[in-house]
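Participant: Sharing a structure below in structure tokens format, with a few things to ask.
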Amino acid sequence: MQELEKAFDHKKVEPQIYKMWEEGNYFKAARDSKKKPYTILLPPPNASGKMHTGNVLMIAIEDLLIRWKRMQGYAALWVPGTDHAGFETQITYERELKKEGKSRMDFDRNTLYNQIWDFVQKNKGLIEEQIRKMGASVDWSRYTFTLDPHVLELVFNTFKKMEGEGLVYRDDYIVNYCPDLGTTFADLEVDFVERNDPLYYVRYPLVDHDGGASYVVVATVRPEPIFVDTHLAVNPKDPKNNHLVGKKVLNPLTDAVMEIIADDYVDPDFGTGVVKLTPAHDKNDYAVARKHNLPIIAAINLRGRMNENAGKYAGLKVKEARKQVVVDLQQKNLIEKIDEKYLHLVPISYKGEKDIEPLVLPNWFVKVATLKAPALEVVQKGEVKIFPTWRKITYTKWMEEMRDWPISRQVVWGIRIPAWYDVNQKPDLSVTFLTSDGITKNGKVSDLLKDHSFAEIEKGLQGLIAAKASKYVISKEKPGENFLQETDTFDTWFSSGQWPLATLHYPDSEDFKYFYPTQVLETGWEIVKLWVSRMIMFGIYLTGKPPFTEVYLHGIVRALDGKKMSKSLGNIINPDEFQEQYGTDALRMGLISGTANGKDFNFPKDKIVGYRNFANKIWNMARFMLMLFDGKEVPFYSETLQITDEDKDIIQKQQLLIKDVNKNLDKFRFSDAADQIYHFMWDELAAKYIESIKGREDKEIALSVFRYVFLNSLK
RNA sequence: GGUCGAAUAGCUCAGUUGGUUAGAGCACCGCAUUCACAUUGCGGGGGUCACAGGUUCGAGUCCUGUUUCGACCACCA
0 MQELEKAFDH KKVEPQIYKM WEEGNYFKAA RDSKKKPYTI LLPPPNASGK
50 MHTGNVLMIA IEDLLIRWKR MQGYAALWVP GTDHAGFETQ ITYERELKKE
100 GKSRMDFDRN TLYNQIWDFV QKNKGLIEEQ IRKMGASVDW SRYTFTLDPH
150 VLELVFNTFK KMEGEGLVYR DDYIVNYCPD LGTTFADLEV DFVERNDPLY
200 YVRYPLVDHD GGASYVVVAT VRPEPIFVDT HLAVNPKDPK NNHLVGKKVL
250 NPLTDAVMEI IADDYVDPDF GTGVVKLTPA HDKNDYAVAR KHNLPIIAAI
300 NLRGRMNENA GKYAGLKVKE ARKQVVVDLQ QKNLIEKIDE KYLHLVPISY
350 KGEKDIEPLV LPNWFVKVAT LKAPALEVVQ KGEVKIFPTW RKITYTKWME
400 EMRDWPISRQ VVWGIRIPAW YDVNQKPDLS VTFLTSDGIT KNGKVSDLLK
450 DHSFAEIEKG LQGLIAAKAS KYVISKEKPG ENFLQETDTF DTWFSSGQWP
500 LATLHYPDSE DFKYFYPTQV LETGWEIVKL WVSRMIMFGI YLTGKPPFTE
550 VYLHGIVRAL DGKKMSKSLG NIINPDEFQE QYGTDALRMG LISGTANGKD
600 FNFPKDKIVG YRNFANKIWN MARFMLMLFD GKEVPFYSET LQITDEDKDI
650 IQKQQLLIKD VNKNLDKFRF SDAADQIYHF MWDELAAKYI ESIKGREDKE
700 IALSVFRYVF LNSLK
């Protein structure tokens, strides 16, 4: 037995141990009809990203559960994987392009996709290495990437099935569009920031004078799309304004006649109590316009500029147009006043912090009514249990409110929607493409085909927008010569929502038959709505069974100052540094003992230091033991040994400890379990029992008891 | 506006169906120094459990109200 060093050096020990584990294939789960399966699927981190504190906590908890069940004799399977993280990865790659003075508009869609593919392949190794460094006992032989061929196959089949059953439809819809990033966002992905913008009080001349007044005043922060407005609205219960219902005014920019309608969504106390309706660029106005069957006319295009409906302002960016419009209105004396100090919330994308522009676009939707009903029921009935229990409300509320799900995203990096449009059928298609000379062109495909061959358009294709009524064919391959494929990709959650099915190779594999449904889904509570709800929906839809029986939601690891980690606050903690300084065990155990009951918690720096000391304590206990062995033959502990009361006491205490720890882990009370082990080993085993060994005559017996208890504690 | 959570030692937090004297880590104070470990050992100080009522033999824990903080959802022309 070699001499141990005086202090525990995690840097030397950790890599050796993981290598041994991996080479020994210890984590490869075998299907065994005599054992019960116990499965956890690793929520896949971003393939081109790196480990953050949330990932560390997730891995620590899941590894703890898996090792615990593996020791209890279950066929324990922990499947690792990574996510292509559509939007995030594309943004990262575009940032790289920008450094070279390029942008995504310099490439056709296929070229760009292939470049990002290479980029991800190049970076994928980092996160995989970090998972290993965390000591995660995952089964690498079952590693899954969300763009693996069998995942694409599954996603295609699911989509085709849903489409065939009428669960998929296309519709115009007002979406949260970000002109800077060129994509749509789900409501859940939109954040609001408080901002100071001028509030303009604009005069709309009345066609027939109303008593003494010759105009109606409307307060707005967005005067620039006024040209496309066709109606104003007031609240019918508003005594101050309801006499205006049915009256006509002139559009201040175009002089077109506009009618004033009644709708009770209008807040009589805001501004003047009269609002302008801009259905194409405002969510509420859109809803009102649909209700009253009003025309919906766009004034802003996909690049965030005024379109051809904007007369002389066409081509200007929204904010420039706003300035111009205000100047022109002032010249016509149609601005009554400007409130410069108006504070309001502006929608931005949750990733890019860029402004969102509500636009009306054709989108792909999934009807959720029939999918969500059973997904809500299984949780209400307790077939799927959510821990901590108070988080259940988040889920059930969301399921009750959930509306149809827009699944198309205007990003390149993702699974392309397998719908094809036949150009010969003259569908209403707008395309953007690079000509063979590298020039960007866009317009109606029927016009462009006059000067360009189909092949040229197909090769240089960047993006395509098909009117909602366009006919399409669902197909894996190009179904005919003159077909163009939809350029939208699936929302990432559409594919990751099928993660349990994808990792276990639904529908025919042996793994699927043995391991599905899985036991515990462990993840952060912030993606309950985005991810957990979708997995349950897809699981039930395709297999009739929810994909797991328990959901444990850990809290968010906040920064040391108690605030959410964010780039703008500069308070992000890089777990690598702590792993480097204090060791993986200390980092893992520290984080686990910080998360008592699934609440959010501050990064527990002190605890990590404490558990580093604990790791050293354990190291020295081993060192002490080996020192006393000193080449002697020490019998293994058995009940036939002549043991003292002291020995019985420590063994009994350990039996109790094991019981308590099991009980706590059953209830996901990780920090209690960690605490109990810490105090048993440090206070009972090290401080009391070891001290007593030093004075013992029958050292062999004591040592064999110690070895027994010590090794059990390590487990 | 709606929902959820939180307020316990100087700091960060545990405290499970109500049940003796409210705990931990860190910090602080005193002592120990060729001991497996100073990443150590022994000892100690420190709490009106946010506030006000109520239920109960008994409340940090349950109920009502108030205050303060955090998060999420909706809306904001």
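For the first sequence, numbering that gives the first Met the number 0 assigns the number 0 to the initial residue and increments by one for each residue that follows.
Don't be surprised by glycine CBs; every beta carbon is placed ideally from N, CA and C.
Please tell me whether Asp179 and Lys353 are closer than 7 Å, where the distance is taken between their beta carbons.
Facilitator: Yes, Cβ-Cβ distance for Asp179 and Lys353 is below 7 Å.
Participant: Classify Glu783 as buried or exposed, calling it buried when 16 or more other Cβ atoms lie within 10 Å of its own Cβ.
Facilitator: A query on residue 783 cannot be resolved here, the shown segment of the chain reaching from 0 to 714 and no further.
Participant: Apart from the five residues on each side of it in sequence, which residues of its chain come closer than 6 Å, Cβ to Cβ, to Asn113?
Facilitator: Closer than 6 Å at Cβ, skipping near neighbours: no residue.
Participant: Could you please give the first and the last residue of the uninterrupted alpha helix (DSSP H) stretch that includes Thr431?
Facilitator: Here Thr431 belongs to no alpha helix (DSSP H); instead the beta strand (DSSP E) covers Leu428 to Leu433.
Participant: Between Ala279 and Trp116, what straight-line distance do the alpha-carbon atoms span, to the nearest angstrom?
Facilitator: Distance between the alpha carbons of Ala279 and Trp116 is about 36 Å.
Participant: Would you give the residue range spanned by the beta strand (DSSP E) that His291 belongs to?
Facilitator: Not the beta strand (DSSP E): His291 falls in the alpha helix (DSSP H), residues Lys282 to His291.
Participant: Per DSSP, Phe118 forms a beta bridge with which residues?
Facilitator: DSSP, once it has assigned bridges, lists no residue as partnering Phe118.
Participant: By DSSP, does Asn45 sit in helix, in strand, or in coil?
Facilitator: Reduced to three states, the DSSP call for Asn45 is strand.
Participant: Cutting at 8 Å between CB atoms, please list the residues of its own chain near Arg402, excluding the five before and the five after it.
Facilitator: Taken in chain order, the residues that qualify are Val367.
Participant: Alpha carbon to alpha carbon, what distance is there between Leu656 and Lys647?
Facilitator: Cα to Cα, Lys647 sits roughly 14 Å from Leu656.
Participant: With distance defined between alpha-carbon atoms, name the residue in Asp659, Pro506 and Ala672 nearest to Thr157.
Facilitator: It is Pro506 whose Cα lies nearest to the Cα of Thr157.
Participant: Can you have a look at Glu4 and say buried or exposed, based on whether 16 or more other CB atoms are within 10 angstroms of its CB?
Facilitator: Glu4 is exposed by the Cβ-count criterion.
Participant: Do the segment 69 to 85 and the segment 669 to 684 make contact, defined as three or more Cβ pairs closer than 8 Å?
Facilitator: The segment 69 to 85 is not in contact with the segment 669 to 684.
Participant: Provide the residue(s) that pair with Ala135 in DSSP beta bridges, ordered along the chain.
Facilitator: Paired residues: none, contrary to the question.
Participant: If we ignore side chains and look at the alpha-carbon of each, how far apart do Arg695 and Asp674 end up?
Facilitator: Taking the straight line joining both Cα atoms gives about 29 Å.
Participant: According to DSSP, what are the bridge partners of Ser407?
Facilitator: Answer is Phe489, bridged to Ser407.
Participant: Roughly how many whole angstroms lie between the Cα atoms of His51 and Val217?
Facilitator: Spanning the two alpha carbons is a distance of roughly 48 Å.
Participant: If you draw a straight line from the C-alpha of Ile355 to the C-alpha of Phe184, how long is it?
Facilitator: Approximately 9 Å between the Cα atoms of the pair.
Participant: Which same chain residues end up closer than 7 Å to Lys282 when comparing Cβ atoms and leaving out the 5 residues on each side of it in sequence?
Facilitator: Result list for Lys282: Ile173 and Pro357, in chain order.
Participant: Taking the alpha-carbon of Glu521 as reference, which of Tyr176, Lys384 and Thr219 has the nearest alpha-carbon?
Facilitator: The option with the nearest alpha carbon to Glu521 is Lys384.
Participant: Beta-carbon separation of Asp487 and Gln409 under 7 Å?
Facilitator: Cβ distance < 7 Å, so Asp487 and Gln409 count as in contact.
Participant: Applying the criterion that 16 or more other CB atoms from any shown protein chain within 10 Å of the CB defines a buried residue, is Ile649 buried or exposed?
Facilitator: Buried, by the Cβ-count rule.
Participant: Can you tell which of Ile334, Ser495 and Leu231 has its C-alpha closest to the C-alpha of Val150?
Facilitator: It is Ser495 whose Cα lies nearest to the Cα of Val150.
Participant: Tell me, to the nearest whole angstrom, how far the beta carbon of Phe602 is from that of Arg557; I am working on the premise that it is less than 8 Å.
Facilitator: Between Arg557 and Phe602 the Cβ distance is about 7 Å, and since that is below 8 Å, they are a contact.
Participant: Using the Cα positions of Gln15 and Asp575, report the straight-line distance between them to the nearest angstrom.
Facilitator: Gln15 and Asp575: Cα-Cα distance of roughly 18 Å.
Participant: Could you compute how far the alpha carbon of Met0 sits from the alpha carbon of Lys693?
Facilitator: At Met0 the pLDDT is 40, less than 50, meaning the model places this residue with poor confidence; the figure from the coordinates comes in the next sentence. Using only the alpha carbons, I get a separation of about 21 Å.
Participant: Kindly indicate which three-state DSSP category Asp644 falls into: helix, strand or coil?
Facilitator: Residue state, collapsed to three classes: helix.
Participant: Sort Asp228, Gly310 and Asn306 by Cα distance to Lys275 and report the nearest one.
Facilitator: When only C-alpha atoms are compared, the closest one is Asp228.
Participant: Under a three-way DSSP split, which group does Asp170 fall into?
Facilitator: Strand.
Participant: For Gln71, does the three-state DSSP call read helix, strand or coil?
Facilitator: Three-state result, Gln71: coil.
Participant: Distance check for Met305 and Lys562, CA to CA, integer angstroms please.
Facilitator: So the two alpha carbons sit approximately 40 Å from each other.
Participant: When you compare each of Gly442, Tyr37, Glu335 and Tyr581 to Phe511 by their alpha carbons, which one comes out closest?
Facilitator: Nearest of Gly442, Tyr37, Glu335 and Tyr581 to Phe511, Cα basis: Tyr37.
Participant: Which of the three DSSP states is assigned to Gln721 in this structure?
Facilitator: Lying outside 0 to 714, the shown extent of the chain, residue 721 is not represented and no answer is given.
Participant: Using a Cβ distance threshold of 8 Å, determine whether the segment 537 to 554 contacts the segment 364 to 378, with at least three qualifying pairs required.
Facilitator: Result yes; three or more Cβ-Cβ pairs closer than 8 Å.
Participant: Alpha carbons only, please: which of Tyr203, Met398, Leu360 and Val422 is nearest the one belonging to Val378?
Facilitator: Of the candidates Tyr203, Met398, Leu360 and Val422, the one whose C-alpha sits nearest the C-alpha of Val378 is Met398.
Participant: When you compare only the Cα positions, how much space is there between Asp327 and Asn250?
Facilitator: Distance between the alpha carbons of Asp327 and Asn250 is about 13 Å.
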